[in-house]
Structure formats: structure tokens, C-alpha cells
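Asks:
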Amino acid sequence: MRFMVVVPIAVVVLCSGCPEPEAEPEAEPAADCSAQTPSDTSTLPERELVLGEVVDGTFTPWAEGEQVTAVYGFQGAPMITPWFQIPATTGDEDGACWHLTYEHLDAEGEVSEEHGAYSGGLVFTLVGEVMRTGPLFDITYADAGSTERLRVTVSTPEFVAIEELSITVN
């Protein structure tokens with residue numbers, strides 16, 4: 001009998017001092033970055049595009065034939081993780097949504113059926129005097145020592161930037 005009296009009293013005492021839970025703040029919706037590529041970039045001014053990696057906040061460009069270390073995902077697949085950088089010009093805004101097409105090329109210079117391509121809008125951040133985005137997680141399934149030919153195009157209605165280079169995956 002004593003237990004039946006003590007338990008309800010304990011519950012009332014414990015709950016009476018509990019503050020009302022605060023409402024969770026509503027999350028801001030993600031910005032829409034679905035930039036469309038211009039249908040014809042042949043008349044657009046060209047800008048420089050550099051592929052590379054960022055280590056401890058420092059961008060290091062990849063050179064033609066560069067050996068790039070693969071990163072292994074949690075399922076064991078080898079990936080390369082390129083960053084993309086374009087020198088900033090007047091009018092470039094932090095958080096700009098630009099269209100990026102990332103392609104693996106075969107020996108004939110055509111898009112590889114094995115690796116395919118990525119195409120979509122990415123947010124570029126103003127870092128000092130450059131616009132930068134990355135990393136892009138590219139699951140290559142490439143054997144160590146294999147050479148991959150990459151072509152990357154960044155385009156907006158105002159400009160186009162294209163870089164093509166070969167890297168060796170380690």
C-alpha cells in the first residue's frame with residue numbers, strides 16, 4: 001500500500017519542476033542550386049579552371065600526369081576527391097551556383113561508358129581571390145596505377161571554364 005502512495009507522489013514531484021520543452025527552430029530550406037548549363041557556350045568568354053586537392057585549407061593544383069591518392073569509402077570503393085577552383089572576377093558572389101560537368105574520357109576522348117559523368121549545379125565559395133567548390137566524391141573503381149582522363153566544364157550564362165587532364169590513381 002505504501003508503494004502505491006509513494007510512486008504517484010514521486011511522479012508528480014518530478015514532473016512538476018520540468019520546464020516546457022522548447023520548440024525546435026525551423027530549419028532554413030536549402031538553397032536551390034540547380035543551375036542549368038547554357039545550350040551554346042561557344043560564344044562565352046573563357047575562364048581558367050584548376051582541379052586539385054585541399055589539405056588543411058590549402059589548395060594544391062593537379063598537373064598533367066599527377067599521381068592522385070585514392071580515398072577508400074566505408075564500403076571499400078576507391079574514390080578520388082577533386083576540388084575545383086576558378087580565379088574570381090568582379091561580380092562573382094560567395095555562394096554562386098554554377099553548373100559543373102565532370103566526365104571520365106575513354107581512349108578516343110569520348111565520355112567513358114564505364115565511369116559516366118556528373119552534371120549539376122554546385123555552390124562555389126569565395127576563398128580569397130578564387131571561387132572554389134569540392135570535394136566531389138568520384139568513385140573510380142580504378143586499379144592502382146591506372147590513368148584516368150578527366151574533363152571538367154563549369155558554365156554559367158556569363159562564362160565557360162574547361163579543364164582536361166590525365167591523372168594516375170594510386
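1 is the number of the first residue of the sequence shown in the UniProt record's numbering; add one for each residue after it.
Glycine included, C-beta positions come from ideal geometry on N, C-alpha and C.
Predicted model, so just to flag it, every value in this text is computed and none were measured.
Can you tell me whether residue 155 is buried or exposed? The criterion is at least 16 other CB atoms within 10 Å of its CB, across all chains shown.
Replies: Buried, by the Cβ-count rule.
Asks: Would you check if the distance between the CB atom of residue 87 and the CB atom of residue 135 is smaller than 8 Å?
Replies: For residue 87 and residue 135, no; Cβs fall outside 8 Å.
Asks: For residue 162, which residues from the same chain have a beta carbon less than 6 Å from its beta carbon, with the 5 sequence-adjacent residues on both sides left out?
Replies: Excluding positions up to five away in sequence, the list reads 153.
Asks: Could you tell me if the beta carbon of residue 84 falls within a distance shorter than 7 Å of some heavy atom in the ligand SAM?
Replies: In the structure on display, the ligand SAM does not appear, and there are no ligands present to speak of.
Asks: In whole angstroms, what separates the C-alpha of residue 71 from that of residue 44?
Replies: Their Cα atoms are separated by approximately 36 Å.
Asks: So, helix, strand or coil for residue 11, using DSSP?
Replies: Note that residue 11 scores a pLDDT of 46, beneath 50, so its modelled location is shaky and nothing firm can be said.
Asks: Does the beta-carbon of residue 37 have 16 or more other beta-carbons within 10 angstroms, so that it is buried, or is it exposed?
Replies: So residue 37 counts as buried.
Asks: Just the C-alpha distance for residue 110 and residue 104, rounded to the nearest angstrom, thanks.
Replies: Going by the C-alpha atoms only, they are around 8 Å apart.
Asks: Taking its Cβ as the centre, do 16 or more other Cβ atoms sit within 10 Å of residue 58, making it buried, or is it exposed?
Replies: Exposed.
Asks: If residue 143 and residue 80 are in contact, beta carbons under 8 Å, what's the gap, nearest whole angstrom?
Replies: The pair is not a contact, with the Cβ atoms about 13 Å apart (cut-off 8 Å).
Asks: Looking at the secondary structure, which residues open and close the beta strand (DSSP E) in which residue 97 lies?
Replies: It spans 96-105 - the beta strand (DSSP E) in which residue 97 sits, taken as one unbroken run.
Asks: Suppose you measure from the CA of residue 171 to the CA of residue 61; what does that come to, to the nearest Å?
Replies: The chain is shown from 1 up to 170; residue 171 falls before or after that span and cannot be answered.
Asks: Does the Cβ of residue 157 have 16 or more other Cβ atoms within 10 Å, making it buried, or fewer, making it exposed?
Replies: Residue 157 should be labelled exposed.
Asks: Can you tell which of 169, 122, 125 and 128 has the C-alpha that lies nearest to the C-alpha of residue 145?
Replies: With distances taken between Cα atoms, residue 145 lies closest to 169.
Asks: To the nearest angstrom, how far is the alpha carbon of residue 107 from that of residue 55?
Replies: Taking the straight line from one Cα to the other gives about 31 Å.
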